[in-house]
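Working notes, structure below.
2 protein chains.
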Amino acid sequence: MIFKTRTPFDVALDMFLKAIVPIEDTEVSPIREARGRVLARQIIAQRDEPNYRRAAMDGYAVVADDTLGASELSPVVLKIGDDVRRGVISRVHTGSKMPDQADAVVMIEDVERLDDVAEIRAQVHPFENVGLKGEDVRRGELILSPGHRLRPADIGLLSSLEVDDVTVYRQPDVAIIPTGEELVGGKPAEGEVVETNGLMNALLVEQWGARYRYRNIVLDVRELIEAALLRDTDADLILTTGGTSVGIRDLVPEAVHKLGKVLVHGIAISPGKPTALGLVENTPVVCLPGFPVACLVASYAFVKPAIYRLAHLDRTFKRSVTGTLASKLTGKPGSRTYARVAIRNGRVEPIMVSGSGILSSMAKADGFVIIPENVEGYDEGQRVEVVLFD
Amino acid sequence: MIFKTRTPFDVALDMFLKAIVPIEDTEVSPIREARGRVLARQIIAQRDEPNYRRAAMDGYAVVADDTLGASELSPVVLKIGDDVRRGVISRVHTGSKMPDQADAVVMIEDVERLDDVAEIRAQVHPFENVGLKGEDVRRGELILSPGHRLRPADIGLLSSLEVDDVTVYRQPDVAIIPTGEELVGGKPAEGEVVETNGLMNALLVEQWGARYRYRNIVLDVRELIEAALLRDTDADLILTTGGTSVGIRDLVPEAVHKLGKVLVHGIAISPGKPTALGLVENTPVVCLPGFPVACLVASYAFVKPAIYRLAHLDRTFKRSVTGTLASKLTGKPGSRTYARVAIRNGRVEPIMVSGSGILSSMAKADGFVIIPENVEGYDEGQRVEVVLFD
Numbered sequence: 001m002i003f004k005t006r007t008p009f010d011v012a013l014d015m016f017l018k019a020i021v022p023i024e025d026t027e028v029s030p031i032r033e034a035r036g037r038v039l040a041r042q043i044i045a046q047r048d049e050p051n052y053r054r055a056a057m058d059g060y061a062v063v064a065d066d067t068l069g070a071s072e073l074s075p076v077v078l079k080i081g082d083d084v085r086r087g088v089i090s091r092v093h094t095g096s097k098m099p100d101q102a103d104a105v106v107m108i109e110d111v112e113r114l115d116d117v118a119e120i121r122a123q124v125h126p127f128e129n130v131g132l133k134g135e136d137v138r139r140g141e142l143i144l145s146p147g148h149r150l151r152p153a154d155i156g157l158l159s160s161l162e163v164d165d166v167t168v169y170r171q172p173d174v175a176i177i178p179t180g181e182e183l184v185g186g187k188p189a190e191g192e193v194v195e196t197n198g199l200m201n202a203l204l205v206e207q208w209g210a211r212y213r214y215r216n217i218v219l220d221v222r223e224l225i226e227a228a229l230l231r232d233t234d235a236d237l238i239l240t241t242g243g244t245s246v247g248i249r250d251l252v253p254e255a256v257h258k259l260g261k262v263l264v265h266g267i268a269i270s271p272g273k274p275t276a277l278g279l280v281e282n283t284p285v286v287c288l289p290g291f292p293v294a295c296l297v298a299s300y301a302f303v304k305p306a307i308y309r310l311a312h313l314d315r316t317f318k319r320s321v322t323g324t325l326a327s328k329l330t331g332k333p334g335s336r337t338y339a340r341v342a343i344r345n346g347r348v349e350p351i352m353v354s355g356s357g358i359l360s361s362m363a364k365a366d367g368f369v370i371i372p373e374n375v376e377g378y379d380e381g382q383r384v385e386v387v388l389f390d
Numbered sequence: 391m392i393f394k395t396r397t398p399f400d401v402a403l404d405m406f407l408k409a410i411v412p413i414e415d416t417e418v419s420p421i422r423e424a425r426g427r428v429l430a431r432q433i434i435a436q437r438d439e440p441n442y443r444r445a446a447m448d449g450y451a452v453v454a455d456d457t458l459g460a461s462e463l464s465p466v467v468l469k470i471g472d473d474v475r476r477g478v479i480s481r482v483h484t485g486s487k488m489p490d491q492a493d494a495v496v497m498i499e500d501v502e503r504l505d506d507v508a509e510i511r512a513q514v515h516p517f518e519n520v521g522l523k524g525e526d527v528r529r530g531e532l533i534l535s536p537g538h539r540l541r542p543a544d545i546g547l548l549s550s551l552e553v554d555d556v557t558v559y560r561q562p563d564v565a566i567i568p569t570g571e572e573l574v575g576g577k578p579a580e581g582e583v584v585e586t587n588g589l590m591n592a593l594l595v596e597q598w599g600a601r602y603r604y605r606n607i608v609l610d611v612r613e614l615i616e617a618a619l620l621r622d623t624d625a626d627l628i629l630t631t632g633g634t635s636v637g638i639r640d641l642v643p644e645a646v647h648k649l650g651k652v653l654v655h656g657i658a659i660s661p662g663k664p665t666a667l668g669l670v671e672n673t674p675v676v677c678l679p680g681f682p683v684a685c686l687v688a689s690y691a692f693v694k695p696a697i698y699r700l701a702h703l704d705r706t707f708k709r710s711v712t713g714t715l716a717s718k719l720t721g722k723p724g725s726r727t728y729a730r731v732a733i734r735n736g737r738v739e740p741i742m743v744s745g746s747g748i749l750s751s752m753a754k755a756d757g758f759v760i761i762p763e764n765v766e767g768y769d770e771g772q773r774v775e776v777v778l779f780d
């Protein structure tokens, strides 16, 4: 399975996402624990918020007509009481309930209190400085739609509307299967390598809103790889790491091919070319390359969007920063190139490394500049967008 | 304490951050649980990575001199064995250990295997397709510096270098004290409001890397507010919500003034003007306004940078997206204005609301467009930067 031809990134991603069915299982979560979860049902307000007329300013609640003609030079004198009626005003502060008969608030700055009476030095109109019942939310109003990921302010809003529980989609369950005979979980002898691609993906997947099963290392044996894949077909997504290259170690895509279907093997991204995408018993599988940086790039390129699709997150935004390139960046011809860069004092500095195995370059980098297939590169001084690492 | 004068945002933030001392306490965390934590010590590689010479390609390990003159038309025939010496080659795959006497790898595509011999159809030079010991990381190399927040790839790298534990700064401990006599924790009667500002801040603070103590609601009584502040002076940061407005409910800044020092009260941001910043027994305090949106804006403006400073996170980037304004946005003259916007099909749509209490506008918004003090606003069709909500 030598991939002389490489599928363009867009084609590969599109094909893969089309094969992924968003999770339909739902569960109920207490609102206070629902941060980051994705709503499965719309939320309709069951009551008005606020549930009363409130003062929008600190001052005195009044019957607006009583202030007719009041000004700095000719104040109106009114009595101060606990309740409001014609001729009587009452102290209120921002957010507090308006007395029933009051229909406006005179700001504190415009009132001079003199014992049990007060001079009103400004005229107010009915409803001035008064927030109406239901001003923020009206009963029956659509508040949030399915597919919305709950943020702290949403949880605040829903709590204020007395929504105690929300129905959310189950989180995607991602199986992570590291493969490779040189890998060890503990202390490596000479010729051995500590398993880190699986670990890195476990942490990323969690950050992207999914749960994970971090499986033991599987040796480069066809039967073991097949068994490992079959064991996790109840997951929503399977990630393998390693064994995607040409030659004898092309075992993982071959196992996917035997058990299911390889959609793409060999993608025009750099690094990350040996990535394969497929299905085993309808469970989507991303075969990630073994070189750590290629693995990371492929995770950003395919695993993150796959998780978002499983989770019903259709409206997501790539968060990025822009800066000026400190030196020329060249893409790999014909490939979508992910160049590692650091941002120093607003300048975007390419990290000069060769090879896709150089994980230490990741520690120095703040993110990627993505150079599309049809772009040769970017010149020193050009403004570029940096996709920051999660 | 009527704040006719409002401190410019930059001045207020600078004054506040200068009063905050980053946390010096450290603790040791297992590397696998250290995502998001901030390094307190530099990390120096204790060994080479990889710890062996490795094949950089799938193919056959050879003594390079044996391939002299080999080509498609005049292949060189060599013996296949388990180890490599002059005249004998051995199968290797990407990442595997190079046999001791081998100094190059011929790519699999350039080898035709014939039983126990192989035709080599390309010449390789010494070191071709071989990764050197320490190629990724050299023993003694500085890997990461203090103040670095650990991301999944960093944890992968450190694990590969057999770093099992890391020394990190203690997470900031933030006390959150909601104040207001209209607030209730449970079901609100008419005239009552569910406490949500404290809850929202608890979730935000956690997202920004801190721990929190979410305190009970404190009534608008001077002594109770003072007692609540004093109880939490062992925290790294105190947030209060509500009670920052003019008039009788100006209680919280007054309590800060009595017990410590108010640095700023009244800031030229909109919404969020009534925010106060101060110190009680050297513990920084942010008095957040009670109106939910003003409260949220003030959290982004002051609480997030305060937490980052406490946590030693000096190198942070504002993640944003840019888009085209769907309609005119006008700032409040003289104030740094935080306009809520939604992003639909790459267009930035202002959320039309009035008042800073309209929490429902937050649910509809994806983020803020920040209009600086000296800018009147932005026109329809202009490119603007949207700071997305966390």
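Order-wise, the sequence lines are chains A and B.
Mind the numbering: the first sequence is residues 1 to 390 in my numbering, read in order.
Mind the numbering: the second sequence is residues 391 to 780 in my numbering, read in order.
Glycine residues also receive a C-beta, built at the ideal position from the N, C-alpha and C atoms.
Just so it is clear, the structure is predicted and the values come from calculations on it, not from any experiment.
Give the straight-line distance between the Cα atoms of A:I2 and A:E141, rounded to the nearest whole angstrom. One-based indexing of the first sequence puts residue 2 of chain A at position 2. One-based indexing of the first sequence puts residue 141 of chain A at position 141. Low confidence applies here, because A:I2 scores a pLDDT of 48, under 50, leaving its location unreliable and the question unanswered by this model.
Among B:K577, B:R601, B:E775, B:S710, nearest to A:L388 - alpha-carbon criterion: Taking the first sequence and counting its residues from 1, one reaches residue 388 of chain A at position 388. The candidate whose alpha carbon is nearest that of A:L388 is B:S710.
Just the chain A side, please: which residues come within less than 7 angstroms of B:P682 by C-beta, in chain order? Here the question's residue 682 of chain B lines up with position 292 in the second sequence. Neighbours of B:P682 on chain A, chain order: G156.
Can you tell me which of B:S464, B:V401, B:V584 puts its alpha carbon nearest to the alpha carbon of A:D48? Working through the first sequence from its first residue, we reach residue 48 of chain A at position 48. Residue B:V584 is the option with its Cα nearest to A:D48.
Give the DSSP-derived three-state secondary structure of B:F779 in the structure shown. Mapped onto the second sequence, residue 779 of chain B falls at position 389. In this structure, B:F779 counts as coil in the three-state DSSP scheme.
Can you confirm whether B:N735, when its beta carbon is compared against all beta carbons of chain A, has any partner nearer than 7 angstroms? For the purposes of this step, residue 735 of chain B is identified with residue 345 of the second sequence, where counting begins at 1. Not closer than 7 angstroms to any Cβ of chain A, the Cβ of B:N735 fails to qualify, so no.
Let's test the definition: count the other Cβ atoms within 10 Å of the Cβ of A:D379 and tell me whether it reaches 16, buried, or not, exposed. For the purposes of this step, residue 379 of chain A is taken as the residue at position 379 of the first sequence. Exposed is the call here.
With DSSP as the reference, label B:Y442 as helix, strand or coil. Walking along the second sequence from the start, residue 442 of chain B turns up at place 52. In this structure, B:Y442 counts as coil in the three-state DSSP scheme.
Leaving out five residues on either side along the sequence, give the residues of the same chain with a beta carbon under 8 angstroms from the beta carbon of B:P762. Numbered from its first residue, the second sequence carries residue 762 of chain B at position 372. Answer for B:P762: G721, R726, listed in chain order.
What do you reckon, are the CB atoms on A:A153 and B:L573 nearer than 7 angstroms? Counted from its first residue, the first sequence places residue 153 of chain A at position 153. Counted from its first residue, the second sequence places residue 573 of chain B at position 183. Cβ atoms of A:A153 and B:L573: not closer than 7 angstroms.
A:R317 - containing alpha helix (DSSP H), residue span: As a first step, residue 317 of chain A must be located in the first sequence, where it is residue number 317. The displayed chain sequence assigns Phe, not Arg, to residue 317 of chain A. Here A:F317 belongs to no alpha helix (DSSP H), and DSSP marks it neither H nor E.
Could you list the residues in the segment 76-101 of chain A with a C-beta less than 8 angstroms from some C-beta on chain B, going in chain order? R91, H93, T94, G95, S96, K97
Can you name the residues that DSSP bridges to B:T631? To locate residue 631 of chain B, count along the second sequence from 1; it is residue 241. DSSP output for B:T631 lists B:P568, B:L678 as bridge partner(s).
Which word fits B:N672, buried or exposed, when buried means at least 16 other C-beta atoms lie within 10 angstroms of its C-beta? Counted from its first residue, the second sequence places residue 672 of chain B at position 282. It counts as exposed.
Let me know the secondary structure DSSP gives A:S90 once reduced to three states. The residue given as residue 90 of chain A occupies position 90 in the first sequence. Strand, per DSSP.
Within the same chain, show all residues whose beta-carbon is closer than 8 angstroms to that of A:R85, passing over the 5 residues directly before and after it, in chain order. Indexing the first sequence from 1 puts residue 85 of chain A at position 85. Taken in chain order, the residues that qualify are V63, Q101.
Contact set between A:V188 and chain B, taken where Cβ atoms lie within less than 7 angstroms: By one-based count along the first sequence, residue 188 of chain A stands at place 188. According to the sequence displayed, residue 188 of chain A carries Pro and not Val. Result: N441.
For the beta strand (DSSP E) that contains A:A104, what are its first and last residues? The residue given as residue 104 of chain A occupies position 104 in the first sequence. Residues 104-107.
Can you find a CB in chain B that lies within less than 7 angstroms of the CB of A:A342? Translated into positions along the first sequence, residue 342 of chain A becomes position 342. No, its Cβ sits nowhere closer than 7 angstroms to a Cβ of chain B.
Distance between A:I80 and A:V130 (C-alpha atoms, nearest Å): By one-based count along the first sequence, residue 130 of chain A stands at place 130. By one-based count along the first sequence, residue 80 of chain A stands at place 80. Straight-line Cα distance between these residues: approximately 19 angstroms.
Just to confirm before moving on: does the CB-CB distance between A:D236 and A:D314 stay below 7 angstroms? Taking the first sequence and counting its residues from 1, the one referred to as residue 236 of chain A is at position 236. Taking the first sequence and counting its residues from 1, the one referred to as residue 314 of chain A is at position 314. No, the pair does not count as a contact, with Cβ atoms beyond the cut-off.
What would DSSP say about A:I44, mapped onto helix, strand or coil? Counted from its first residue, the first sequence places residue 44 of chain A at position 44. Residue state, collapsed to three classes: strand.
Within 7 angstroms of any Cβ in chain A, is that where the Cβ of B:V520 sits? Reading the second sequence from its first residue, position 130 is the one you call residue 520 of chain B. It does not; no Cβ of chain A falls within 7 angstroms.
Could you pull out every residue in the same chain whose Cβ sits closer than 8 angstroms to the Cβ of B:A755, ignoring the five residues on either side in sequence? In the second sequence, counting from the first residue as 1, residue 755 of chain B sits at position 365. R730, V731, A732, I741, F779, listed in sequence order.
Spatial distance of B:G713 from B:Q436 (CA atoms): Counted from its first residue, the second sequence places residue 713 of chain B at position 323. Counted from its first residue, the second sequence places residue 436 of chain B at position 46. Distance between the alpha carbons of B:G713 and B:Q436 is about 47 angstroms.
Leaving out the 5 sequence neighbours to the left and right, which residues in its chain are closer than 7 angstroms to B:T586 when beta-carbon positions are compared? As a working mapping, residue 586 of chain B is identified with position 196 in the second sequence. Cβ neighbours of B:T586 beyond the five flanking positions: P682.
Tell me which residue opens and which closes the alpha helix (DSSP H) that B:D400 is part of. Start at 1 with the first residue of the second sequence, and residue 400 of chain B comes out as number 10. Taken as a continuous stretch (DSSP letters only), the alpha helix (DSSP H) holding B:D400 covers 399-408.
Let's see if you can read the secondary structure: which residues bound the beta strand (DSSP E) around A:G278? Locating residue 278 of chain A in the first sequence gives position 278, where the first residue counts as 1. 276-280 is the extent of the beta strand (DSSP E) around A:G278.
Given that a residue counts as buried once 16 or more other Cβ atoms are within 10 Å of its Cβ, and exposed if not, what is B:Q561? Within the second sequence, numbered from 1, the residue matching residue 561 of chain B stands at position 171. Looking at its Cβ environment, which holds 16 or more other Cβ atoms inside 10 Å, B:Q561 is buried.
Where does A:S29 sit, in a helix, a strand or coil, going by DSSP? Here residue 29 of chain A refers to the residue found at position 29 of the first sequence. In this structure, A:S29 counts as strand in the three-state DSSP scheme.
With distance defined between alpha-carbon atoms, name the residue in B:Q432, B:P723, B:K708, B:D500 nearest to B:W598. Within the second sequence, numbered from 1, the residue matching residue 598 of chain B stands at position 208. Comparing Cα positions, the closest option is B:K708.
CB A:T7 to CB A:V166, shorter than 7 angstroms? Here residue 7 of chain A refers to the residue found at position 7 when the first sequence is read from its first residue. Here residue 166 of chain A refers to the residue found at position 166 when the first sequence is read from its first residue. Cβ atoms of A:T7 and A:V166: not closer than 7 angstroms.
7 angstroms is my cut-off, CB to CB: does B:D500 come that close to chain A? For the purposes of this step, residue 500 of chain B is identified with residue 110 of the second sequence, where counting begins at 1. Cβ-Cβ to chain A under 7 angstroms: no for B:D500.
Close beta carbons around A:S90, own chain, < 8 angstroms, minus the five adjacent residues each side: Taking the first sequence and counting its residues from 1, one reaches residue 90 of chain A at position 90. Excluding sequence neighbours, A:S90 sits near Y60, A61, I80, G81, D82, D83, V84, P99, A102.
Chain-ordered neighbours of A:Q207 on chain B, where CB pairs are closer than 8 angstroms: Residue 207 of chain A sits at position 207 when you count from the first residue of the first sequence. Simply R425, P542.
Under a CB-based cut-off of 7 angstroms, is A:S71 close to chain B? Start at 1 with the first residue of the first sequence, and residue 71 of chain A comes out as number 71. No, no contact with chain B.
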